[in-house]
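Worksheet: the structure to be examined is printed underneath.
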Amino acid sequence: MLSRILRAPAALAALAFSTLASADYHVDILPPVTPVSREMYDLHWGILWVCVAIFFIVFGAMFWSIFKHRKSVGAKAAQFHENTTIEVIWTIVPFVILIGMAYPATRTVLNMKDASGADMSVKVTAYQWKWEYDYQQDGVRFLSHLATPRAQIEEYHGQGAAKNDNYLLEVDQPMVVPVGKKVRLLITSNDVIHGWYVPQLGVNQYGIPGFVKDAWFTVDKAGTYRGQCSQICGKEHGFMPIVVIAKEPAEYAAWVKEMKAKMPAEPAPTPAAEAAPQGGGEKVAAAAPGKADGKSTYDTVCMACHGTGAAGAPKLGDKAAWAPRIKQGAGVLHDHALKGKGAMPPKGGNMALSDDAVKAAVDYMVSASK
Amino acid sequence: MSAATHTHDHGHDHAHEHHGPPHGITRWLYTTNHKDIGTMYLWFAFTMFLVGGTMALGIRAELFKPGLQFFDPQFFNSLTTVHGLVMVFGAIMPAFVGFANWLVPMQIGAADMAFPRMNNWSFWLLIPAALLLMGSFFVPGGAAASGWTLYPPLIIQQGMAIDMTIFAVHILGASSIMGSINIITTILNMRAPGMTLMKMPLFVWTWLITAYLLIAVMPVLAGAVTMLLTDRHFGTSFFNAAGGGDPTMFLHIFWFFGHPEVYIMILPAFGIVSQILPAFARKPLFGYASMVYATASIAILSFIVWGHHMFTVGMPAAGNLFFMYATMLIAVPTGVKVFNWISTMWRGSMTFETPMLFAVGFLCLFTIGGFSGLVLAIVPVDITLHNTYYVVAHFHYVLVSGALFAIMGGIYFWLPKWSGHMYNEGLGKVHFWLSMIGFNLAFFPQHFLGLAGMPRRIPDYALQFAEWNMWSSIGAFIFGFSQLLFLYIVVSTIRGGRKADQKQWDGADSLEWTHLPTPLPYHTFETAPIIK
């Protein structure tokens with residue numbers, strides 16, 4: 023009931039704006055679709071209205087004063103400069119209002135942070151610049167990339183191709199979840215800090231390399247929900263969207279079946295024990311791609327710089343840049359890659375990689391740049 | 028002694044009786060005069076403001092419509108990063124130090140700062156720091172592109188620009204610490220007889236507290252960036268999980284610096300506004316003592332709220348709740364200040380010259396920024412708004428229409444005193460209204476963008492964000508270009524114009540207005556005044 027009252031003026035404001043302009047002038051948080059995001063939505067409007075009311079009272083008084091107490095209308099300045107009673111009142115009243123705000127917020131925080139009793143878990147690993155979803159129970163695992171073609175994005179030389187409706191918010195392989203199930207996300211990163219942010223689900227959680235953090239949601243309405251990486255993570259930060267499709271459980275089961283059929287035979291899981299945590303239960307080894315497969319290591323780690331030329335790194339396939347380096351011999355290059363050189367951090371900054379994996383990646387880059 | 032005779036005479040008197048300013052470049056290189064150093068700080072700040080503003084306009088040009096029209100995404104990230112660093116460390120902070128240099132000695136009746144040579148050094152350190160920061164654009168890999176918060180591991184990936192940025196931060200920190208030591212020593216030891224602490228103008232009080240904040244947190248920042256440096260080059264793993272470290276630790280250390288830093292950039296603004304409002308209301312500041320206590324409370328609270336920048340790193344519920352409560356508490360002393368300012372205006376006899384317009388603009392818009400801060404303090408709401416344009420709107424409301432509006436108001440307020448000439452009131456008002464309209468057009472729609480879920484620091488965006496971004500860019504260009512008018516007004520005031528009175532503003536009551544002629548002589552209060 024309360025939330026309906028709170029939302030009524032919001033709806034009015036939205037109506038006012040939508041009649042004001044035919045174009046896409048969003049002025050509100052997107053419609054929430056989980057119990058938690060609904061609480062977030064109501065909290066926002068509740069607090070906003072309190073703030074708006076205070077603003078109009080306080081600044082109403084100020085503008086009244088500005089019009090009445092000006093020299094040009096003959097106002098004579100009073101000389102009072104303190105009043106203990108009123109000062110005590112305006113210290114205590116805001117305090118009480120704040121307690122009124124903190125109480126419902128606290129309930130939501132406790133609810134939001136309680137990921138126990140989940141129906142399913144999905145490990146979400148962020149990479150520069152894509153997401154990997156690994157369904158712990160259902161055995162589905164895939165990468166999710168931006169699907170918007172480059173031709174729509176780049177307009178350096180005049181108008182680009184016509185943009186899709188979901189320009190920059192579309193992926194090749196969306197995450198699919200069942201409606202009504204508590205989905206627990208185990209969020210981590212393979213390289214730098216990213217943020218898994220889908221506003222309508224009420225989740226915004228950093229993926230931090232070497233650590234797993236959890237978050238959860240229960241979608242109660244089938245649909246497609248879109249979000250983006252929320253934490254700056256390098257060059258393509260703006261181009262790693264998230265799409266979550268919530269389906270009825272039966273459709274979800276069909277999707278799992280279909281995905282499993284499509285998936286390649288699972289490679290043997292990487293033994294991560296090597297870089298096991300020294301302390302802290304939640305610490306895990308940064309996901310290390312399996313075997314000494316040079317290309318996959320390159321794709322997940324090295325390309326951040328060697329694919330873009332960031333920090334003066336020799337780009338993959340740049341023969342001129344690589345020639346003098348290749349001349350030094352594979353041993354020297356392996357050594358530099360392992361121990362670091364100049365802007366190149368040891369093991370490309372990913373200490374979880376085995377020495378062999380690093381060497382294989384160097385060999386791959388050398389062979390691709392000869 | 029009338030102001031007129033004084034103004035007329037002082038040039039001769041001082042040239043003969045005392046050493047006046049030497050001429051040429053050496054005056055500025057070697058000066059130990061607080062007024063000269065204050066002037067240099069202010070011009071430095073203005074230069075950096077234009078540099079950082081140009082970057083901001085680059086950002087807004089790219090964001091004018093969907094698609095990438097001008098910049099490579101990596102360069103775009105460099106623009107947002109260096110814009111932030113330049114505005115924080117190059118524009119806002121030095122501007123306030125400039126005000127402190129000009130005003131603190133005069134407002135407490137001292138002849139100069141306590142350590143004049145260190146004062147010179149702390150200014151000149153800014154130049155190499157700024158050159159390093161700007162030079163980093165021209166090294167391989169481009170300038171820092173990790174956001175001004177410099178989070179690892181992203182920052183570890185980049186090239187030598189990061190080392191230049193780290194070194195620049197070290198130098199700026201050293202400069203700030205020296206400046207703070209100077210200000211604290213001056214205020215505590217060099218007050219004129221009778222100038223008790225509780226008689227000091229509020230501007231001096233806010234700077235005293237700010238200087239303590241600076242001394243407390245600049246070494247923390249220096250430590251954090253030094254750890255980045257050793258992680259980059261010397262094989263340490265402070266922030267690398269594989270080596271036993273934790274990237275989150277950098278966030279904790281950075282924001283332990285970062286949140287007090289926010290108040291470092293706003294407390295002196297409170298001080299300036301607390302000088303301006305009573306002067307134009309022709310009525311003493313309401314609740315002087317509670318203003319001092321509120322300022323101190325804000326400063327103390329600022330040390331225990333850093334976690335509100337980190338609600339999405341996955342702290343436990345107890346951590347989130349603690350930082351939420353502590354952050355909400357800040358609303359209480361901040362509210363006290365706003366109520367006091369409005370009570371100062373209440374039943375005054377107000378006029379609205381340009382400084383007053385900026386002060387009133389500050390009051391309204393800063394409060395909007397305060398309210399959006401309260402909204403962001405609520406953990407569940409922050410989850411949906413963290414790292415969106417809502418946050419960008421929030422901190423521009425407190426830093427542009429807060430800190431910067433106060434600085435501009437302060438310039439209009441004291442420029443007549445400093446230069447001896449009145450600025451052009453009509454143009455000043457035009458400048459205010461252009462800034463006001465441009466600013467709100469640029470930043471108010473960003474609240475909507477954030478609510479709709481547009482992340483910050485992205486060079487391109489989805490189509491539903493297009494309309495507000497267009498308006499925001501238009502506003503940003505209006506705001507940006509109207510600052511050239513500000514430059515014109517200031518320069519033409521310095522070069523000439525109607526003579527200003529000793530006490531140009533009726534209600535101004537600090538020592539520089541009541542005891543010193545206009546324009547100010549090169550040396551003031553060589554004999555300390557007796558304050559009754």
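Residue numbers (this note's numbering), protein chains in the order written: chain A, 23 to 392; chain B, 28 to 559. Beta carbons: idealized from backbone N, C-alpha and C, even for Gly. None of the values given here were measured: they were computed from a predicted structure.
Beta-carbon separation (whole angstroms), residue i vs residue j, contact threshold 8 Å
i, j, result
"PRO100(B)", "GLU258(A)", "6 Å"
"ALA141(B)", "MET217(B)", "6 Å"
"ILE214(B)", "VAL231(B)", "6 Å"
"ILE119(B)", "LEU426(B)", "7 Å"
"LEU153(B)", "PHE71(B)", "6 Å"
8 Å Cβ shell around residue i - same chain, five flanking residues per side excluded
i, result
"PHE281(B)", "THR176, LEU177, TYR178, LEU248 and ALA251"
"VAL408(B)", "VAL402"
"LEU312(B)", "LEU229, SER301, LEU304, PRO305, MET318, ASN367 and THR371"
"ALA184(A)", "GLN174"
Other residues of its chain near residue i: CB distance less than 7 Å, five sequence neighbours each side excluded
i, result
"GLY224(A)", "PRO54, THR56, VAL58, SER59, MET62 and PHE239"
"GLU280(A)", "none"
"ARG347(A)", "PRO336 and LEU355"
"ARG484(B)", "ASN104, THR107 and GLY174"
"SER391(A)", "LEU338, GLY339, ASP340, LYS341 and TRP344"
"LEU69(B)", "ALA122 and GLY125"
"SER163(B)", "ALA170, ALA171, ALA188, MET191 and THR192"
"VAL214(A)", "GLN150, PRO231, CYS255 and GLY256"
"GLY186(B)", "VAL166, PRO167 and GLY168"
"GLY362(A)", "PRO368"
C-beta contact flag for residue i and residue j at 8 Å
i, j, result
"THR520(B)", "TYR450(B)", "yes"
"THR339(B)", "GLY217(A)", "yes"
"VAL146(A)", "TYR157(A)", "no"
"ILE264(A)", "THR246(A)", "no"
"THR361(B)", "VAL332(B)", "no"
"ALA359(A)", "ASP315(A)", "no"
"HIS458(B)", "PHE513(B)", "yes"
"SER399(B)", "HIS421(B)", "yes"
"VAL72(A)", "ILE119(A)", "yes"
"PHE117(A)", "VAL359(B)", "yes"
"ASP393(A)", "LEU207(A)", "Given a span of 23 to 392 for chain A in the structure shown, any question on residue 393(A) remains unanswerable."
"ASN586(B)", "THR223(B)", "Here chain B has residues from 28 to 559 only, and residue 586(B) is not among them."
"TRP277(A)", "LYS284(A)", "no"
"GLY272(B)", "PHE261(B)", "no"
"ALA138(B)", "PHE552(B)", "yes"
Buried or exposed by the 16-neighbour rule on C-beta atoms within 10 Å, applied to residue i
i, result
"PHE350(B)", "buried"
"PRO221(A)", "buried"
"PHE116(B)", "buried"
"LYS243(A)", "exposed"
"HIS336(B)", "buried"
"LYS444(B)", "buried"
"SER329(B)", "buried"
"VAL95(A)", "exposed"
"SER389(A)", "exposed"
"MET254(B)", "buried"
"LYS98(A)", "exposed"
"HIS179(A)", "exposed"
"PRO180(B)", "buried"
Between the CA atoms of residue j and residue i - distance to the nearest angstrom
i, j, result
"VAL306(A)", "SER376(A)", "Since pLDDT at VAL306(A) reaches only 42, below the 50 mark, its modelled position is unreliable, and no value is offered."
"ALA556(B)", "ILE405(B)", "Inspection of the sequence shows that residue 556(B) is occupied by Pro rather than by Ala. When rounded, the distance between both Cα atoms is 50 Å."
"TYR416(B)", "ASN496(B)", "10 Å"
"GLY453(B)", "PHE385(B)", "14 Å"
"ALA24(B)", "VAL323(A)", "Any property of residue 24(B) remains undetermined from this structure, which presents chain B solely from 28 to 559."
"MET435(B)", "LYS62(B)", "18 Å"
"TYR149(A)", "ILE64(B)", "49 Å"
"GLY111(B)", "LEU190(A)", "26 Å"
"ALA345(B)", "VAL201(A)", "30 Å"
"ILE558(B)", "MET225(B)", "12 Å"
"ASN60(B)", "ILE208(B)", "17 Å"
Residues near residue i in its chain [Cβ-Cβ closer than 6 Å; skip 5 each side]
i, result
"LEU256(B)", "ILE193"
"ALA290(A)", "Residue confidence is low: ALA290(A) scores 47 on pLDDT, short of 50, so the model does not pin down where it sits. Its coordinate-derived value is still stated next. No residues qualify anywhere along the chain."
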